[in-house]
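S.K.: Using this note's numbering, you'd call the opening residue of the sequence shown number 0 and step up by one each time.
All C-beta atoms in this analysis are idealised placements derived from N, C-alpha and C, irrespective of residue type, glycine included.
Please read these numbers as outputs of a predicted model, since none were measured by experiment.
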Amino acid sequence: MLHKFNLSALNDYSQRFARKVCDDFFAQNTTASGQQILNLTAIPQINLFVISSLYERWRADAETFRSPYFDFEQGEVKEALKQFMNVVSRNISVKREALEPILSEATKNTLILLIDPNSYFNELFRDQANFSVTADLVQQLCKYIRFNKFIPQELAKGMKDRSFVYVNQAIEWSEQALQKHADELDNIEQWVGHFSAKVPLDLTHIVKKITRIESPKVVDEPNRSFFDTLTPEPEPEEEPEPEFTPAAIPTPEPIPAKASEPAWKQEPVSYTPPAPANPTPATLNQVVGGSENGVKESLNDRLRVEQSSISDVYQKQAITSISQSIPLNQKFMFIHHLFSGSNSAYETAISELEQAPDYDTARSLITYKFASQYLWDMTGDVVGDLLEIVKRRFRQ
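#1: Given that a residue counts as buried once 16 or more other Cβ atoms are within 10 Å of its Cβ, and exposed if not, what is Asn-38?
#2: What would DSSP say about Phe-163, mapped onto helix, strand or coil?
#3: Since I believe Val-389 is in contact with Phe-333 (beta carbons under 8 Å), could you give me their beta-carbon distance rounded to a whole number of angstroms?
#4: Across which residues does DSSP place Phe-4 in a beta bridge pair?
#5: With burial defined as no fewer than 16 other Cβ atoms inside 10 Å of the residue's Cβ, what is the status of Asp-70: buried or exposed?
#6: Whole angstroms is fine: what's the gap from Gln-138's alpha carbon to Ala-155's?
#7: What residue ranges within the segment 137–186 form continuous beta strand (DSSP E) runs of no fewer than 3 residues, ordered along the chain?
#8: Per the DSSP calculation, Val-93 is bridged to which residue(s)?
#9: Quick one: measure Cβ to Cβ for Asn-117 and Leu-177, integer angstroms, because I've assumed they're closer than 8 Å.
#10: Quick check on Ser-89: buried or exposed, where buried means 16 or more other Cβ atoms within 10 Å of its Cβ?
#11: Do Val-166 and Gln-127 have their C-beta atoms within less than 9 Å of each other?
#12: On the three-state DSSP scale, how would you describe Ser-371?
#13: Where do the ends of the alpha helix (DSSP H) carrying Thr-63 lie?
#14: Beta-carbon separation of Gln-44 and Phe-146 under 9 Å?
#15: Under 8 Å by Cβ, that's how I've got Leu-352 and Ala-344 pegged, so tell me the actual separation to the nearest angstrom.
#16: Would you report the Cα separation of Ser-339 and Ala-97, rounded to the nearest angstrom?
#17: Could you have a look at Thr-106 and say whether DSSP puts it in helix, strand or coil?
#18: For Pro-215, does the three-state DSSP call read helix, strand or coil?
#19: Let me check one thing: in DSSP terms, what residues is Thr-133 bridge-paired to?
#20: Measuring straight from C-alpha to C-alpha, what distance separates Ala-140 and Ala-134?
#21: Please determine, among Leu-136, Ile-50, Phe-130, Glu-62, the residue with the shortest C-alpha to C-alpha distance to Ser-103.
#22: Going along the chain, which residues of its own chain have a beta-carbon closer than 8 Å to the beta-carbon of Ile-205, five neighbours each way excluded?
#23: Since Phe-130 contacts Lys-368 with CB under 8 Å, what's their CB separation in whole angstroms?
#24: What are the boundary residues of the alpha helix (DSSP H) that includes Glu-346?
#25: Go through its chain and collect everything with a Cβ distance to Tyr-270's Cβ below 8 Å, but skip five positions before and after it.
#26: Please report the residue range of the alpha helix (DSSP H) in which Val-404 lies.
#27: Just verifying my parser: in three-state terms, what is the DSSP assignment at Leu-113?
#28: Once the 5 residues before and after Trp-57 are set aside, which same chain residues still bring their CB inside 6 Å of it?
#29: Which residues in the same chain as Leu-136 place their Cβ atom closer than 8 Å to its Cβ, once the five residues preceding and following it in sequence are excluded?
#30: Would you mind working out which of Tyr-358, Phe-120, Gln-35 sits nearest Arg-391, comparing C-alpha positions?
#31: Expressed to the nearest angstrom, what Euclidean distance is found between the alpha-carbon atoms of Asn-28 and Phe-149?
#32: For Leu-337, report the span of its alpha helix (DSSP H) as first-last.
#33: Output needed for Lys-19: all residues of its chain with C-beta closer than 8 Å, excluding positions within five of it in sequence on either side, in chain order.
#34: In angstroms, rounded to a whole number, what distance separates the CA positions of Arg-95 and Phe-25?
#35: Below 8 Å on the Cβ atoms is my guess for Leu-400 versus Leu-385; work out the distance and round it to an integer in Å.
#36: Please identify the residue among Glu-171, Ser-324, Leu-112 whose C-alpha is closest to the C-alpha of Leu-184.
As structure tokens, this is what we get:
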């Protein structure tokens, strides 16, 4: 997805930028605190990405305390561990050899987010476990993203009352947000000047084609994690939509009656003589076409229509099991075309679909999980056949 970038040049610039920042900072300091990192560069997004990386390490370290020999779910233990980790977070102290590589990665991610936010979020979402984007991740994005921040804000709206969505859904929402807020994209040239103030930046070296903030206030409160002091920027209040008052519907003017035409212009009245009292019965040939061959063709046509109708009715009937309703030849077709020949992948997917509570959930599994995982063509006939069977499973 990062095809717009010269990754070698991007990595080289990020490393040189991180080296220069560290040269300047550590000439006067031996370690960097959390507050110092928040003001480490003139580009708030870089600073927040560094803090975000430290947060992930802090959370991972908290997990290392867990042991199978002790009850870490006991209330007193949980509270003590929480207090301990919060105290640790308020005493961030990072030496240069640990900070510089994190700063380099933060610089690279900031440039990608600024220049091509679509690629940034696509790569981020596709790296998530189980092809799922969690509400916790979206919350963290709202807290740590400053460039093109409307994207995580739009995702947060879509995630309301959901614990997760599949990757394709998150990507779809982010692309819709980009289209909706295209005029709100951060100005690239403005921020290139801030980069160049530290290390000269020529975009033509790191970008093949360009398509197209304020620092957070930290409140020092006791017994809180340093990371909890970072809060996402509030979303702009939406203006209420004006009330809609339907316009009065004009009464159509009456159409004048058409004057009757003179008798000499009127159409002559046709006359059909009555049928005889005892008509001669028509032969079967006359009824269906006047020949023996016509009889056969007509009867065959009728049989075909009846068989087609029976087949349509059968295919629309509700079923109780997806797996048991897939014929053997169709099962082999699904395995070959949809699951790269893996029978276990097929069985796992069908089992998940069987356990879905309703059709919408099952369709979401197909559209946003399996299609992304196995690169399905959602307009193809094979996927359509699977969807039709799944639909019958949840038909009342």
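M.R.: Reading off the structure:
#1: exposed
#2: strand
#3: The pair is not a contact, with the Cβ atoms about 12 Å apart (cut-off 8 Å).
#4: Val-206
#5: exposed
#6: 7 Å
#7: 163–165
#8: Ala-31
#9: That pair is a contact at about 6 Å.
#10: Before going further, note that residue 89 is Arg rather than Ser in the sequence given. With 16 or more other Cβ atoms within 10 Å, it is buried.
#11: yes
#12: helix
#13: 43–63
#14: yes
#15: In fact, because the Cβ distance is near 13 Å, the residues do not count as touching under 8 Å.
#16: Their backbone Cα atoms lie some 43 Å apart in a straight line.
#17: In the structure shown, Thr-106 sits in a helix (DSSP, three-state: H, G or I).
#18: With a pLDDT of 41 at Pro-215, under the threshold of 50, the modelled position of this residue cannot be trusted; read the value that follows with caution. Note: Pro-215 maps to coil in three-state DSSP.
#19: Phe-163
#20: According to the sequence as given, residue 140 is Leu; it is not Ala. C-alpha separation (whole angstroms): 10 Å.
#21: Ile-50
#22: Phe-4, Asn-5, Ala-8, Leu-9, Tyr-12, Leu-110
#23: 5 Å
#24: 342–354 is the span of the alpha helix (DSSP H), which, as asked, contains Glu-346.
#25: With a pLDDT of 48 at Tyr-270, under the threshold of 50, the modelled position of this residue cannot be trusted; read the value that follows with caution. Counting only Cβ-Cβ distances below 8 Å, and skipping sequence neighbours, we find nothing.
#26: Absent from the structure is residue 404, since the part of the chain shown begins at 0 and ends at 395.
#27: helix
#28: Scanning its chain for C-beta atoms nearer than 6 Å, with the 5 sequence neighbours on each side dropped, one finds around Trp-57 the residues Ser-88, in chain order.
#29: Excluding sequence neighbours, Leu-136 sits near Gln-127.
#30: Tyr-358
#31: 36 Å
#32: Start and end: 327–337.
#33: Lys-197, Val-198
#34: 7 Å
#35: The requested residue 400 does not occur in the structure, where the chain is confined to residues 0 to 395.
#36: Distance from the Cα of Leu-184 is smallest, within the candidate group Glu-171, Ser-324, Leu-112, for Leu-112.
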